[in-house]
Amino acid sequence: MIDSGHWICDAEVDLDAFGFIYEITNKITNKKYIGKKQMIFKRRKKLRKGKVNRQVVTKESDWKTYTGSNNDLNTDIKIHGKESFEFKILRFCKGKWELSYYEVVEQITRKVLLSNDYYNGIVSCKLCKRKI
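At position 91 of the sequence shown (counting the first as 1) the number is 221 in our numbering, and the numbers step up by one without a gap.
Printed below as a string of structure tokens:
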């Protein structure tokens, strides 16, 4: 069984994914938050002497313990405790573009800015057409 921290998922956790779209629900107030989280980070090491290309290093992020980036949400988690929240993975994404795209799709579809039922206070994106 794969360790997914406090996250629940209807499908099996895809460890090959770049990241995922998630929904955090406050079980007391039923207020929700829609966001995205990268599961891995790719970093380029400094160019070593005698080498032409930089080495790319992949590192796992803190996704198993992540609780969102919204200040009001994290304040409520501190007040009520993690057990009062449901952390659900909605979809896995293979790349950064896909991750940003589907986060905005979920937020707009659910009308997070038009409802007080969501912690989300901003929908931000800058996407260009994906190269096919």
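Virtual Cβ for every residue (Gly too), placed ideally from N, Cα, C.
- In this structure, L203 and Y163 form a Cβ contact; the two beta carbons are roughly 5 Å apart against a cut-off of 8 Å.
- Listed as beta-bridge partners of Q168 by DSSP are G149.
- With a threshold of 16 other beta carbon atoms within 10 Å, I138 falls short and is exposed.
- DSSP lists no beta-bridge partner residue for W193.
- Annotation for I219: the continuous beta strand (DSSP E) segment containing it runs F215 to C223.
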